[in-house]
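Okay, structure first, notes after.
Protein chains: 2
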Amino acid sequence: MFKILRVDMTNLKVSYEDIAPEYQGLGGRGLTSAVVAREVDPTCNPIGPRNKLILAPGLLGGTNAANSGRVSVGAKSPLTGGIKEANSGGQAGQYLARLGLAAIIVEGQAPQGKLYTLVVGQDQAQLKPADDLKGLGNYATVEKLSAVYGDKAGYVSIGQAGEMRLNSASVAFSDRELRPTRHAGRGGLGAVMGSKGLKAMVIDPQGTASVPLVHPEAFKEAAKRFAKALGEHPVTSGGLPTYGTDVLINILNEAGGLPTRNFTAGRFEGAEKVAGETLNEVTVKRGGNPTRGCMGGCIIRCSGDFLDAQGKFVSKWPEYETVWAFGPNCGIDDLDAIARYDRLCDDIGLDTIETGCAMAVAMDSGLLKFGDAAGAEKLLQEVGQGTPLGRILGSGTATVGRVFGVSHVPVVKGQSMPAYDPRAVKGIGVTYATSPMGADHTAGYSVTANILSVGGSVDPLKPAGQAALSRNLQAATAAIDSAGLCLFVAFAVLDIPDAFVAVVDMLNAKFGLNLTGDDVGSLGARVLTMEKDFNTRAGFNSADDRLPDFFKYEKLPPHGVVFDVSDAELDDTLKF
Amino acid sequence: MFKILRVDMTNLKVSYEDIAPEYQGLGGRGLTSAVVAREVDPTCNPIGPRNKLILAPGLLGGTNAANSGRVSVGAKSPLTGGIKEANSGGQAGQYLARLGLAAIIVEGQAPQGKLYTLVVGQDQAQLKPADDLKGLGNYATVEKLSAVYGDKAGYVSIGQAGEMRLNSASVAFSDRELRPTRHAGRGGLGAVMGSKGLKAMVIDPQGTASVPLVHPEAFKEAAKRFAKALGEHPVTSGGLPTYGTDVLINILNEAGGLPTRNFTAGRFEGAEKVAGETLNEVTVKRGGNPTRGCMGGCIIRCSGDFLDAQGKFVSKWPEYETVWAFGPNCGIDDLDAIARYDRLCDDIGLDTIETGCAMAVAMDSGLLKFGDAAGAEKLLQEVGQGTPLGRILGSGTATVGRVFGVSHVPVVKGQSMPAYDPRAVKGIGVTYATSPMGADHTAGYSVTANILSVGGSVDPLKPAGQAALSRNLQAATAAIDSAGLCLFVAFAVLDIPDAFVAVVDMLNAKFGLNLTGDDVGSLGARVLTMEKDFNTRAGFNSADDRLPDFFKYEKLPPHGVVFDVSDAELDDTLKF
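Structure (structure tokens):
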């Protein structure tokens, strides 16, 4: 029987409880959002004692379904002021599920200046003082903890950014190599964890077995079909494993939708130098592993090890969004520098999208020049040191714009835009505008039909059809995020009908249910509606579902396009 | 015939135009708000080219009515994101009216890095390069300009804060001594002026006469009655001229509503040392002038000259809000230090309320200690120098809270609260919550009936009657702000019936109208409704009409009270 582990940081107490009826049947994002919507006052201060931090594995977590180990983190976001879910790879998702935990809910606030580690094992949990971890980055934190708790546990931690309660602070999850390289990055969830005085969690699954399945044979058969689909689709079996997510650099550059120098152009002259093809070539030449999964059970394996010229490990392969944020968006074409930024962000515990965008706005202000790779590295180091300038950068793109008086600030709901210019990829613009999460590509990845011809084809330069595309993808994504599946399974699900059927079959076999495809689809709509309702109660309205005004007025080269999906279409996007 | 002067900073052109029908009959705040509401896209970036900055004298401006020389400044606020009007004393208001200008509307944006001075004389205006003023504080700016344009002109300028487009930047107005001591302080209007590339304005009334009056004799008679009322009321004839606005320190301290150390207590042990009584005593002892008007035609004369121990001029008398913001709110009891901060804020061009509150939040974060007067002075100097830390402080209270991870941040609509704790002075809490301007005591000064027994008496510690009190005062204030009258005339208007009749009579005599008292009252309601409508279109809703959550949960000593006016009452406050 699954339980919820509730952690009271004010009184330093932990307790297990049965899953309340209103939370039953939910997992991952569906569960974190339900808890936030139900238990968190939408008007509370996000880093005050009344916010809550929730971790939840997905509905398929702990099974041997391919790519099912994502873990969702939820709270009221300090960055956006709205509801937030960010999910991550790493080991903790599977381990939480194997421990029989539907969620960990962290509430209250430890006395100021005090830090704790939550240690969770089979049927037991306790809070331990973590004064010795104070001020450490994620790498040193995991190293210290794993020396005590071993290599069988999963580690969840915040770096200096989370301790400082910076709005770009992430929650880090250790990968299979015990490195803190996977992050619930967006929305400042690390600041919420930091505000509670929780430095780390140790999730130790020792003694547990796989999660129980109501129909084991049916599950096995469906899981096999699901894996087969992932193995067949060219994106999940070819592009991603070979070039990583960074495969997108050349594609978006070609499409004229690669935001360059703080969203002033759609093509970057140095794109080739930081593209996935180059990443693969450099990695192989230096003897690095170019194909790695970020969590157990992954069969896509889009990560790798980035080594420096001397063959020393620098960071895991930077994701496309990271390469873009610090690369084209900052006018930087140095892959080695970008890998070092990636390492710094992982260590300090920073969202790379928010931080790279913030860097680009800082460059736009004249603080440093576009293309200044050494200056960017120094500035990034300052975030970890907590200098005033570092704190500004770590507070996100909107704050950098405010403090440095810049009006060209690409954010929605206070959260910076990812690596697709909404003028040249209008479907993703609809997602940026309307997602309850703020500007977030993963919330409804319209790049599929706009650019990749996956799941159909919608002209990226025209407004027609973008709202419907985004709506369908946002609903599907909310369901995938609730299942705990890696979003990249969507490539197969969108193009191979049996992949979706297999997901439904797995859910039915695990829980002994008779869900239809429509039920799963409507789960997504239900989650989105719940999230939007929280935001409404927090004070959001349709004015928050808009892009910054310059996207309507400044034409993006090379296509000379503006964002012209109508307000009415934006307002209707998430009406289900 | 009054005209509007339109200044196009993009093309560096000026033009005069007749007053459009929809702006007729409006002045001061009524006119600036009407222009913002009609001409500014509520979704524009406040420091982008699509915002506008409007200056307007009041309806009684340029007459010899007592205390009628206020000038209103309006725009979309970079601090709140909503509509903003802040008004100021100084000489420009009277001069603009004598020049026959109903308003100056500044639009567009000069090329980046370019600065201009707008020189306005009789029937002529031109933009002149102001590269030589770059980086200068307001004192040096006015000194340089007055060396050219003489002591008969009024000067309007921004300091370094406005040039940096900081959210606390004010617009400065020179007083009768040609010192830039009067400010349209709130909401970052100086940043809007800076974003347009406008460093200063010279308002030269030479060659003009008093404004025309339709019924001069009737006007004279009404003006005499009005002046008589101001001379009779104990506040306007006794308290204010003798002790300045700082007379309020001991009163609010006694009432337990003097926000101390970032709104954690309602009484300050060092209050006496910074109170108006001390201010007067020190000033007289040092040979300073303790009674001065801030503009021509003022008969209240609540200002004075603050001299240092050597008898050298430091600053004009710091206002109560300034003394409080840097004094009790920062745990500082050193009047000399506070006068130096006042001078620094006037020179850099900073709102003292926003900056003092930001300082207190910085102290709360541990960056410096409460009571550290020398540390506060150094930090304030950094704002002018534009260091990263200085920029953070100059970006306002909410930004300091965000960057330093503080959850105890007393702002509404992003604007910091003035010098009355809303838990112990609940009527002002209603004004903070519901004013379209953000937390602003001048928008509806319920302290009158709550604390001063002016215009009736409403128990400050109980929620009953506060919403009605605030509503009536907000409407009356919007009318007073449109007339160009100093808000302090309200003390007489609230207690002496003929004072209000005299105001109506003056308006009728000037314009040849037959307005009733009700007409003037409804003007205020009309202005507020227009302002609220702009904010609604900018995305504000009832969730923005709330105090931060901690005011509902943290009890304020010594009375142990929380803010408990109901949400429903707040929502109804400005429904007319």
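Protein chains in written order, with the working numbering: chain A, 2 to 577; chain B, 2 to 577. Don't be surprised by glycine CBs; every beta carbon is placed ideally from N, CA and C. The structure presented is a predicted model; accordingly, all values stated were derived computationally and were not measured.
Quiz item: Terminal residues of the continuous alpha helix (DSSP H) containing A:H467?
Solution: The amino acid at residue 467 of chain A is misidentified as His; the sequence shows Gln. Taken as a continuous stretch (DSSP letters only), the alpha helix (DSSP H) holding A:Q467 covers 467–484.
Self-check item: Alpha-carbon spacing of B:V597 relative to A:P549, whole angstroms
Solution: The displayed coordinates of chain B run from 2 to 577. Any statement about residue 597 of chain B would go beyond what the structure contains.
Practice problem: Give a yes or no on whether the C-beta atoms belonging to A:L462 and A:S447 are separated by under 8 Å. | Solution: no
Quiz item: What number of angstroms, rounded off, separates the C-alpha of B:D365 from the C-alpha of A:G90?
Solution: 37 Å
Practice problem: Please say whether A:I497 and A:H234 have beta carbons closer to each other than 8 Å? | Solution: yes
Self-check item: Distance, A:R51 Cα to A:V8 Cα
Solution: 13 Å
Exercise. Find the nearest neighbour of B:L352 within the set B:L369, B:G367, B:A326, judged by alpha-carbon distance.
Key: At residue 352 of chain B the sequence reads Asp, which differs from the Leu that was named. Among B:L369, B:G367, B:A326, the Cα nearest to that of B:D352 belongs to B:A326.
Practice problem: Give me the Cα-Cα distance between B:A315 and A:L80, rounded to the nearest whole angstrom. | Solution: Looking at the sequence shown, residue 315 of chain B is not Ala but Val. Looking at the two C-alpha atoms, the distance is approximately 41 Å.
Exercise. Drop a sphere of 10 angstroms on the beta-carbon of A:Y554, count the other beta-carbons inside from all chains shown, and report buried for 16 or more, exposed for fewer.
Key: exposed
Quiz item: DSSP beta-bridge partners for B:K77?
Solution: B:I84
Quiz item: With which residues is A:T261 paired in a DSSP beta bridge?
Solution: A:A266
Exercise. Determine whether the Cβ of A:N542 lies closer than 8 Å to any Cβ atom of chain B.
Key: yes
Exercise. Measure how close the beta-carbons of A:A38 and A:M531 come, nearest whole angstrom, since I'm counting them as under 8 Å.
Key: 5 Å
Quiz prompt | Short CB-CB distance (under 8 Å) between A:I84 and chain B | solution = no
Quiz item: Hey, A:A377 and A:M360 are a contact pair by Cβ (cut 8 Å); roughly how many whole angstroms apart?
Solution: 6 Å
Quiz item: Does B:T400 get closer than 8 Å to chain A when you measure Cβ to Cβ?
Solution: yes
Quiz prompt | Close beta carbons around B:G294, own chain, < 6 Å, minus the five adjacent residues each side | solution = R302
Practice problem: Hey, could you find the ends of the beta strand (DSSP E) B:T284 is sitting in? | Solution: Segment 277–286 is the alpha helix (DSSP H) holding B:T284; no beta strand (DSSP E) there.
Self-check item: Beta-carbon separation (whole angstroms), B:P411 vs B:S417, contact threshold 8 Å
Solution: 6 Å
Self-check item: Members of the segment 379–406 of chain B near chain A, C-beta cut-off 8 Å
Solution: T388, P389, L390, R392, I393, S396, T400, R403, V404, F405, G406
Practice problem: Would you kindly work out how many angstroms separate the C-alpha atoms of B:E255 and B:R268, rounded to a whole number? | Solution: 7 Å
Quiz item: Which of the three DSSP states, helix, strand or coil, is assigned to B:A444?
Solution: helix
Exercise. For B:L571, return the contacting residues in chain A, with the cut-off set at a CB-CB distance below 9 Å.
Key: Chain A residues near B:L571: none, gap ~12 Å exceeds 9 Å.
Quiz item: Taking buried to mean at least 16 other C-beta atoms within 10 Å of its own C-beta, is A:F552 buried or exposed?
Solution: buried
Exercise. Using DSSP bridges, identify the partner residues of B:G122.
Key: B:Q125
Quiz item: Roughly how many angstroms lie between the CA atoms of B:N330 and B:G63, to the nearest whole one?
Solution: 38 Å
Practice problem: Mind checking the segment 405–436 of chain A against chain B and listing, in chain order, the residues whose C-beta falls within less than 9 Å of any C-beta there? | Solution: F405, G406, V407, S408, H409, V410
Exercise. Inspect the beta-carbon positions of A:N168 and A:A185 and report whether they are closer than 8 Å.
Key: no
Exercise. Could you name the residues of the same chain whose beta carbon sits closer than 6 Å to that of B:S73, not counting the 5 residues immediately before and after it, in chain order?
Key: G29, R30, T33, A57, E86, N88
Quiz prompt | CA nearest to the CA of A:R183, picked from A:F227, A:I349, A:G391, A:T432 | solution = A:I349
Quiz prompt | Under 8 Å between C-beta atoms of B:K200 and B:Y117 | solution = yes
Practice problem: Kindly identify the DSSP beta-bridge partner or partners of B:H184. | Solution: B:A173
Quiz item: Between the C-alpha atoms of B:H442 and B:L575, what's the straight-line distance to the nearest angstrom?
Solution: 16 Å
Quiz item: Cα separation between B:P112 and A:G138?
Solution: 43 Å
Quiz item: Start and end of the alpha helix (DSSP H) containing B:Y156?
Solution: Unbroken run through B:Y156 is the beta strand (DSSP E), 155–158; no alpha helix (DSSP H).
Exercise. Could you confirm whether any beta carbon from chain B is found closer than 8 Å to the beta carbon of A:R71?
Key: no
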